[in-house]
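Trainee: Position one of the sequence shown corresponds to residue 237 (our numbering), numbered consecutively onward.
Every residue, glycine too, gets a C-beta built ideally from N, C-alpha and C.
Remember, it's a predicted structure, so these values are computed and weren't measured experimentally.
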Amino acid sequence: MKQGKVIIISAPSGCGKSTIIGALMERGNVDLEFSVSATNRAPRAGERDGVNYHFLTDRQFRDKIAQGAFVEYEEVYPGRFYGTLSSELDERCRAGHNVILDIDVKGGVNVKRMLGDEAISIFIMPPSVEELRRRLEGRATDSADAIAERVGKAEYEISFAPEFDKVVVNDDLSQAISETEALIIGFVNA
Ligand code: ADP
Ligand code: 5GP
237 MKQGKVIIIS APSGCGKSTI IGALMERGNV DLEFSVSATN RAPRAGERDG
287 VNYHFLTDRQ FRDKIAQGAF VEYEEVYPGR FYGTLSSELD ERCRAGHNVI
337 LDIDVKGGVN VKRMLGDEAI SIFIMPPSVE ELRRRLEGRA TDSADAIAER
387 VGKAEYEISF APEFDKVVVN DDLSQAISET EALIIGFVNA
């Protein structure tokens, strides 16, 4: 059986990763399974354990690190850890499914380095940092401080875009979804 591939979607927070991934999975034009990351941050309203994230305590997260359970993990914000579990990738790829990852920019660069041709890395670019701020405010899931933290980090993260295989500008959402889908279909069928 053909081994499944890994699709890495990275961008600064608020650029539309989750929206684009959700739309691609809903369209169902390509076989994609979502890699549920582990995090020690608290769930937001509406988020479900095991669906959006595996929500762990600080202690549980540290234990997973010690057990070598992560392909990669990052302290994306001070004290807040996020990691990709090997268990989310291995079995599914072996069974021939493609796995899609929503991970931060550094994690995206690292996983691509590890997996080489088995993965495609796609950077979702905001039309501008100002528009990114408006979207985070519109999403209304983060405090003013958290929004300032995320916007502050965005400019630094955008400087990593040239390290990705492909860059998609998320200005018009439906166009960004179609562009991302076309890149993924081209990659998994290659
Ligand atoms: P991320 O997963 O990268 O943090 P989200 O997918 O949560 O980002 O998107 C952040 C906010 O921006 C959401 O409220 C989403 O509905 C909105 N959004 C995403 N793409 C667009 C777009 N092209 N135009 C306008 N709003 C968008
Ligand atoms: P949020 O708190 O908004 O859900 O996510 C914050 C950031 O953490 C986003 O950039 C998201 O892509 C990233 N992230 C989520 N899961 C992982 C992961 O497993 N590894 C890494 N490195 N980053 C992740």
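Going by C-alpha distance, which of Gly-319, Glu-262, Gly-352 and Pro-363 is nearest Pro-248?
Mentor: Pro-363
Trainee: For Ile-402, which beta-bridge partners are listed by DSSP?
Mentor: The amino acid at residue 402 is misidentified as Ile; the sequence shows Lys. DSSP lists Ile-358 as the bridge partner or partners of Lys-402.
Trainee: Could you tell me which uninterrupted beta strand (DSSP E) segments, each at least 3 residues in length, are contained entirely in the segment 274 to 359, listed from first to last along the chain?
Mentor: Qualifying beta strand (DSSP E) stretches, in chain order: 289 to 291, 306 to 313, 316 to 321 and 335 to 338.
Trainee: Could you tell me the distance, in whole angstroms, from the CA atom of Arg-386 to the CA atom of Ile-243?
Mentor: 24 Å
Trainee: Determine the direct distance from the alpha carbon of Val-341 to that of His-333, and round the result to whole angstroms.
Mentor: 24 Å
Trainee: List the residues that DSSP assigns as beta-bridge partners of Val-242.
Mentor: Val-335 and Ala-355
Trainee: In terms of residues, what are the limits of the alpha helix (DSSP H) holding Ser-414?
Mentor: 409 to 424
Trainee: Is the beta carbon of Arg-369 less than 8 Å from the beta carbon of Ile-383?
Mentor: yes
Trainee: Alpha carbon to alpha carbon, how far is Asp-401 from Ala-380?
Mentor: 33 Å
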